[in-house]
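Participant: Attaching a single structure in structure tokens format; questions to follow.
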Amino acid sequence: MRLVLLGGPGSGKGTQADVLKKKYNVAKLSTGDLLRGEISNNTKLGKQAKSYMDNGELVPDSVMISILDKKTTEFEEKKQGYILDGFPRTVPQAEALLEMLKKQGVTLTMALLIDVPKHELVRRLSSRWTCKNCSATTFKDPDGNSVVCPQCGGELYQRDDDKRETILNRMKVYKKNTQPLIAFFEEKGLLEEVNGFGSFEEISGRIINLFNEKDIK
Ligand code: AMP
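Numbering (the numbering used here), first residue to last: 957 to 1173.
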């Protein structure tokens, strides 16, 4: 399986990728998690990426494409299926991905859009908290009580880019740069869609049904 997950920020791509990773025994590559790891380790790449991320802007295509080239080559060497969460984010990244796969002699299984309306994305992001330990996300307790990570019990924090002004910019960036990928993959006959409204179990169920229909294992 070589899968691209598409959807706005807060559409549940990361959470669904975690479910699919376990069920289908594939790797998950989240470019956002990868970049946040580089920032906390204070690497050259982390320093380069930080100001873009803090402002809700995209890290330059050339940087992202070279990371992906390296990672997808490693997956093929290990014969490891994978799910991409957060890449591609622009048409040039999508073109580069298909080119990379062609060079590797393989094809993309599917680009799967988790479809969630914009007002719901903004609502989810403004109450989203992330685990310091395992990067899982959860929602703030409506009573304001502190909560711990539902997956590992780790401490939660609010990502700098989940603050209100940055969220609005991320939505604009998504609309301008990433939304065109829906038409891009549709033209190539690679796009599938699931309704992203509902509980995370309902959404996983829809994805798994779709995979069963398409005989994806
Ligand atoms: P995410 O965790 O996927 O919401 O990504 C957080 C931030 O990381 C984004 O707002 C971008 O600044 C950066 N980022 C992640 N993936 C990419 C990508 N494929 N291209 C450019 N920037 C990215």
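Cβ atoms here follow ideal geometry from the backbone N, Cα and C, with glycine treated the same way.
Note that the structure is a prediction, hence the values are computed from the model and not measured.
Beta strand (DSSP E) containing Met-1066: first to last residue?
Facilitator: Taking the first residue of the sequence shown as position 1, residue 1066 is located at position 110. Looking at the DSSP string, the run of the beta strand (DSSP E) that includes Met-1066 is 1066-1071.
Participant: Give the range of the beta strand (DSSP E) segment to which Val-960 is assigned.
Facilitator: For the purposes of this step, residue 960 is taken as the residue at position 4 of the sequence shown. Unbroken beta strand (DSSP E) run through Val-960: 958-962.
Participant: Applying the criterion that 16 or more other CB atoms from any shown protein chain within 10 Å of the CB defines a buried residue, is Phe-1095 buried or exposed?
Facilitator: In the sequence shown, the residue the question calls residue 1095 occupies position 139. The residue in question, Phe-1095, is exposed, as its Cβ has fewer than 16 Cβ neighbours within 10 Å.
Participant: Just to check, is the beta-carbon of Met-1020 closer than 8 Å to a non-hydrogen atom of the ligand AMP?
Facilitator: Position 64 of the sequence shown, counted from the first residue, corresponds to residue 1020. Checking every heavy atom of the ligand AMP against the Cβ of Met-1020, one is found closer than 8 Å.
Participant: Look at Leu-1137 and Val-1047 and say whether their C-beta atoms are less than 9 Å apart.
Facilitator: Translated into the one-based positions of the sequence shown, residue 1137 becomes position 181. Translated into the one-based positions of the sequence shown, residue 1047 becomes position 91. Yes, these two residues count as a Cβ contact at 9 Å.
Participant: Within the present structure, is the beta-carbon of Glu-1111 separated from the nearest heavy atom of the ligand AMP by less than 8 Å?
Facilitator: In the sequence shown, the residue the question calls residue 1111 occupies position 155. Every heavy atom of the ligand AMP is 8 Å or more from the Cβ of Glu-1111, so no.
Participant: Leaving aside the five residues before and after Leu-1040 along the sequence, list all residues of the same chain whose C-beta is less than 6 Å from its C-beta, in chain order.
Facilitator: Within the sequence shown, residue 1040 is the residue found at index 84, counting from 1. Taken in chain order, the residues that qualify are Val-960, Leu-985.
Participant: Once DSSP output is grouped into helix, strand and coil, what is the label at Lys-984?
Facilitator: Walking along the sequence shown from the start, residue 984 turns up at place 28. Reduced to three states, the DSSP call for Lys-984 is strand.
Participant: Is the CB-CB distance between Tyr-980 and Ile-1159 below 9 Å?
Facilitator: Residue mapping note: residue 980 aligns to position 24 of the sequence shown, counting from 1. Residue mapping note: residue 1159 aligns to position 203 of the sequence shown, counting from 1. For Tyr-980 and Ile-1159, no; Cβs fall outside 9 Å.
Participant: Based on Cα-Cα distance, which residue from Gly-988, Ala-973, Asn-1151 lies nearest to Val-982?
Facilitator: For the purposes of this step, residue 982 is taken as residue 26 along the sequence shown, with counting starting at 1. The shortest Cα separation from Val-982 among Gly-988, Ala-973, Asn-1151 belongs to Ala-973.
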